[in-house]
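Trainee:
In this note's numbering, the protein residues as written are 28 to 595.
(1) Quick check: the Cα distance between residue 320 and residue 302, rounded to an integer number of angstroms?
(2) Specify, as a first and last residue, the run of the beta strand (DSSP E) that residue 566 falls within.
(3) Measure the C-alpha to C-alpha separation of residue 354 and residue 107 and round it to an integer number of angstroms.
(4) Please report the straight-line C-alpha distance between residue 137 and residue 452, rounded to a whole angstrom.
(5) From the DSSP secondary-structure annotation, give me the bridge partner or partners of residue 71.
(6) Measuring straight from C-alpha to C-alpha, what distance separates residue 394 and residue 239?
(7) Report the residue from 549, 456 and 440 whose alpha carbon sits nearest the alpha carbon of residue 125.
(8) Closest to residue 494 by C-alpha separation, out of 501, 178 and 511, would be which residue?
(9) So residue 425 packs on residue 116, CB below 8 Å; how close in whole Å?
(10) When you compare each of 42, 94, 448 and 477 to residue 499 by their alpha carbons, which one comes out closest?
(11) Is the beta carbon of residue 86 sitting closer than 8 Å to the one on residue 414?
(12) So residue 143 and residue 585 are supposed to be a Cβ contact under 8 Å. How far apart are they, rounded?
(13) Just how far apart, CA to CA, sit residue 66 and residue 529?
(14) With DSSP as the reference, please indicate the residues paired to residue 506 in a beta bridge.
(15) Under a Cβ-count criterion, where at least 16 other Cβ atoms within 10 Å of its own Cβ denotes burial, should residue 455 be classed as buried or exposed?
(16) Taking the CB atoms as reference points, tell me whether residue 277 and residue 300 lie closer together than 8 Å.
(17) Using a 10 Å radius around the Cβ and a threshold of 16 neighbouring Cβ atoms, would you call residue 503 buried or exposed?
(18) Return the CA-CA distance between residue 170 and residue 398, expressed in angstroms with no decimal places.
(19) How many angstroms separate the CA atom of residue 95 from the CA atom of residue 39?
(20) Using a 10 Å radius around the Cβ and a threshold of 16 neighbouring Cβ atoms, would you call residue 526 buried or exposed?
(21) Taking all protein chains shown into account, do 16 or more other C-beta atoms lie within 10 angstroms of the C-beta of residue 102, making it buried, or fewer, making it exposed?
(22) Which residue from 185, 428 and 388 puts its Cα closest to that of residue 380?
(23) Within its chain, find whatever has a CB closer than 6 Å to the CB of residue 565; leave out the 5 residues flanking it on each side and keep chain order.
(24) With a Cβ-Cβ cutoff of 8 Å, do residue 378 and residue 328 count as a contact?
(25) Tell me, please, which residues DSSP counts as bridged to residue 41.
(26) Give me, in chain order, the residues of the same chain whose beta-carbon lies closer than 8 Å to that of residue 433; leave out the 5 immediate sequence neighbours on both sides.
(27) Assuming residue 679 is part of the beta strand (DSSP E), what are its boundary residues?
(28) In the DSSP assignment, find the unbroken beta strand (DSSP E) run with residue 390 in it and report its ends.
(29) Sorted by chain position, which residues of the same chain lie with C-beta nearer than 8 Å to residue 130's C-beta, five sequence neighbours on each side aside?
(30) What residue range does the beta strand (DSSP E) around residue 548 cover?
(31) DSSP three-state label for residue 140, please.
(32) Secondary structure at residue 569, three-state DSSP: helix, strand or coil?
(33) On a Cα-Cα basis, can you pick out the residue from 340, 335, 374 and 338 that is closest to residue 352?
(34) Using the Cα positions of residue 98 and residue 460, report the straight-line distance between them to the nearest angstrom.
(35) Tell me the rounded alpha-carbon separation between residue 280 and residue 274.
(36) Count the other C-beta atoms from every protein chain shown that fall within 10 angstroms of the C-beta of residue 61, then say buried if there are 16 or more, exposed otherwise.
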């Protein structure tokens, strides 16, 4: 009993956003995330203090999972962001930075918590309503008759991950591959319910990025040297195949749960092997040419099958079971019974061998329309390759979201500055009505509106990491970056184009620095020229949800009055 200690009372923190320690942690997190934002964001190396793998990344999903905090409010924010990323794969850093900016600006405004929350909700509704309008000035309709918009969208995702360490040529090449792979997974002229295919990614370390490629069908590891001669001897087309999910190693413990009865003196190993050979005789009789198993196949069974001209693939792994089943139409067999139903067999059009560095792979061609494809990703080292694989998976998800909502938002900070200008103009015209609706004074409403708009502008502002200045034109409200060493007289020549690439600087154009005072104005609509395409696009679905998650999470944090922690 001497080792027992008295239970400590729970720790209660009153008004947590007034606590200096909590505010410091918020500021550290915000600076950390801001420094990672955008194509020129800085990389972060995360290492556990008790050892382990060093992670180099600027991707929100990897970064937020790798860092940890004991502060409940920070856990709340990171959990909200990771939940958003798990559903939409993009705009994670945008979500976190905007959320922290809304909290910070609400505190600086001096507004009561309930007033700041109600104003934020009201302005969020104005933003989402405007973004869903057909005439929204920062929204782009995607043209599926051309791949250009899709490539731009893919490039925007991939180029925003600097840990991939890609040249401009390599980023464009991978973007085109990502769109090609995505298109291969979208079935054409499919009657009834449409089911999207799958992209299987294979990583090859130590080879140039430009060696990456996309293949219709499925590539699986085939390290066995016998496979080459087996494939060369095949002549029939299509080829019948069978897929097993149960182990065919012959070991008793692989047979699954249940009771095993054996007669005294019985040789169970021989009996199981006999059953495996009977299974082999069955598939040979049924003219199977490709025999695939998720787990291990007994060497004797492998030898028997190969002697009869059957290509054998073992240790496929659970990750490839569904794509292979979808590609071939085979139904995975989960029994050692010698009778295999005819509907369980699948087909492949053809087989061939491919070599990628040290990897020898068997290429399975689809019998019909290729809903499954394989992307071979190459890079110079493991860290870059790992980040590139994550970026490509996120790109695939973002491209899929366009099928549900064929729109995109202007990138490069232009959507944020345009929204801020629109909200200022719209709000100034309806101050008495909005204040009355929200139950606050007109002054409080204006303070809340300015804080909300400065939060949006601050997200665009952090895209610059080299000491330059962020500006907004007073015509279309797009975001521009001015290098740090440019004098006033050279401004027009130095600005070039806006963040999204749709506008070029014009003589006589009026500008304002972000987060500075300016007269409110209604952003003019763009006259889109067919020859001018946006250079940076953001996922519409991802950014709309990110905007909602950021503001709603910020409101939740602003509404917290006490934090009660059990410290035992």
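Note that CB positions come from ideal geometry on N, CA and C, so glycine has one too.
Mentor: Straight from the coordinates:
(1) Locating residue 320 in the chain shown gives position 293, where the first residue counts as 1. Locating residue 302 in the chain shown gives position 275, where the first residue counts as 1. Near 16 Å, if we compare the C-alpha coordinates of residue 302 and residue 320.
(2) As a working note, residue 566 is residue 539 in the chain shown. Per DSSP, residue 566 belongs to the beta strand (DSSP E) from 564–566.
(3) Locating residue 354 in the chain shown gives position 327, where the first residue counts as 1. Locating residue 107 in the chain shown gives position 80, where the first residue counts as 1. Between residue 354 and residue 107, the C-alpha separation is close to 36 Å.
(4) Taking the chain shown and counting its residues from 1, the one referred to as residue 137 is at position 110. Taking the chain shown and counting its residues from 1, the one referred to as residue 452 is at position 425. Going from the Cα of residue 137 to the Cα of residue 452 covers about 23 Å.
(5) For the purposes of this step, residue 71 is identified with residue 44 of the chain shown, where counting begins at 1. DSSP lists 84 as partners of residue 71.
(6) For the purposes of this step, residue 394 is identified with residue 367 of the chain shown, where counting begins at 1. For the purposes of this step, residue 239 is identified with residue 212 of the chain shown, where counting begins at 1. Approximately 24 Å, taken between the alpha carbons.
(7) Within the chain shown, residue 125 is the residue found at index 98, counting from 1. Comparing Cα positions, the closest option is 440.
(8) Translated into the one-based positions of the chain shown, residue 494 becomes position 467. When only C-alpha atoms are compared, the closest one is 511.
(9) Walking along the chain shown from the start, residue 425 turns up at place 398. Walking along the chain shown from the start, residue 116 turns up at place 89. Confirmed, Cβ separation roughly 6 Å.
(10) Position 472 of the chain shown holds residue 499. Residue 448 is the option with its Cα nearest to residue 499.
(11) Translated into the one-based positions of the chain shown, residue 86 becomes position 59. Translated into the one-based positions of the chain shown, residue 414 becomes position 387. Yes; because the gap between Cβ atoms is below 8 Å, this pair is in contact.
(12) Here residue 143 is taken as the residue at index 116 of the chain shown, counted from 1. Here residue 585 is taken as the residue at index 558 of the chain shown, counted from 1. With 8 Å as the limit, residue 143 and residue 585 qualify as a contact, their Cβ atoms being about 6 Å apart.
(13) As a first step, residue 66 must be located in the chain shown, where it is residue number 39. As a first step, residue 529 must be located in the chain shown, where it is residue number 502. The alpha-carbon atoms of residue 66 and residue 529 are separated by roughly 18 Å.
(14) For this step, residue 506 is matched to residue 479 along the chain shown. Bridge partners of residue 506: 499.
(15) On the chain shown, residue 455 is found 428 positions in, with the first residue counted as 1. Counting Cβ neighbours within 10 Å, residue 455 comes out exposed, since fewer than 16 surround it.
(16) Locating residue 277 in the chain shown gives position 250, counting from the first residue. Locating residue 300 in the chain shown gives position 273, counting from the first residue. Taking 8 Å as the Cβ cut-off, residue 277 and residue 300 qualify as a contacting pair.
(17) Your numbering for residue 503 matches position 476 in the chain shown. By the neighbour-count criterion, in which a residue is buried when 16 or more other Cβ atoms sit within 10 angstroms of its Cβ, residue 503 is buried.
(18) The residue given as residue 170 occupies position 143 in the chain shown. The residue given as residue 398 occupies position 371 in the chain shown. Between residue 170 and residue 398, the C-alpha separation is close to 22 Å.
(19) Working through the chain shown from its first residue, we reach residue 95 at position 68. Working through the chain shown from its first residue, we reach residue 39 at position 12. Whole-angstrom Cα-Cα distance: 21 Å.
(20) Taking the chain shown and counting its residues from 1, one reaches residue 526 at position 499. Under this definition residue 526 is a buried residue.
(21) Counting from 1 along the chain shown, the entry for residue 102 is found at position 75. Counting Cβ neighbours within 10 Å, residue 102 comes out exposed, since fewer than 16 surround it.
(22) The sequence position of residue 380 within the chain shown is 353, counting from 1. Answer by Cα proximity: 388.
(23) Here the question's residue 565 lines up with position 538 in the chain shown. Closer than 6 Å at Cβ, skipping near neighbours: 436 and 438.
(24) The residue you call residue 378 lines up with position 351 of the chain shown. The residue you call residue 328 lines up with position 301 of the chain shown. Cβ distance not < 8 Å, so residue 378 and residue 328 don't count as in contact.
(25) Counted from its first residue, the chain shown places residue 41 at position 14. DSSP output for residue 41 lists 589 as bridge partner(s).
(26) Taking the first residue of the chain shown as position 1, residue 433 is located at position 406. Closer than 8 Å at Cβ, skipping near neighbours: 168, 169 and 171.
(27) Outside the shown range of the chain (28 to 595) lies residue 679, about which nothing can therefore be said.
(28) Indexing the chain shown from 1 puts residue 390 at position 363. 386–392 is the extent of the beta strand (DSSP E) around residue 390.
(29) Sequence index remark: in the chain shown, residue 130 carries index 103 (1-based). Taken in chain order, the residues that qualify are 44, 53, 581, 584 and 585.
(30) By 1-based counting over the chain shown, the position of residue 548 is 521. It is not in any beta strand (DSSP E) - residue 548 carries neither H nor E in the DSSP assignment.
(31) Mapped onto the chain shown, residue 140 falls at position 113. It is helical.
(32) Translated into positions along the chain shown, residue 569 becomes position 542. In the structure shown, residue 569 sits in a helix (DSSP, three-state: H, G or I).
(33) Within the chain shown, numbered from 1, the residue matching residue 352 stands at position 325. For residue 352, the nearest C-alpha among the options comes from 374.
(34) The residue given as residue 98 occupies position 71 in the chain shown. The residue given as residue 460 occupies position 433 in the chain shown. Looking at the two C-alpha atoms, the distance is approximately 39 Å.
(35) Against the chain shown, residue 280 aligns to sequence position 253. Against the chain shown, residue 274 aligns to sequence position 247. With a pLDDT of 49 at residue 280, under the threshold of 50, the predicted position of this residue should be treated as unreliable, though the coordinate-derived value follows. Their Cα atoms are separated by approximately 10 Å.
(36) On the chain shown, position 34 is the one that residue 61 refers to. Classification of residue 61: buried, given that the 10 Å Cβ count is 16 or more.
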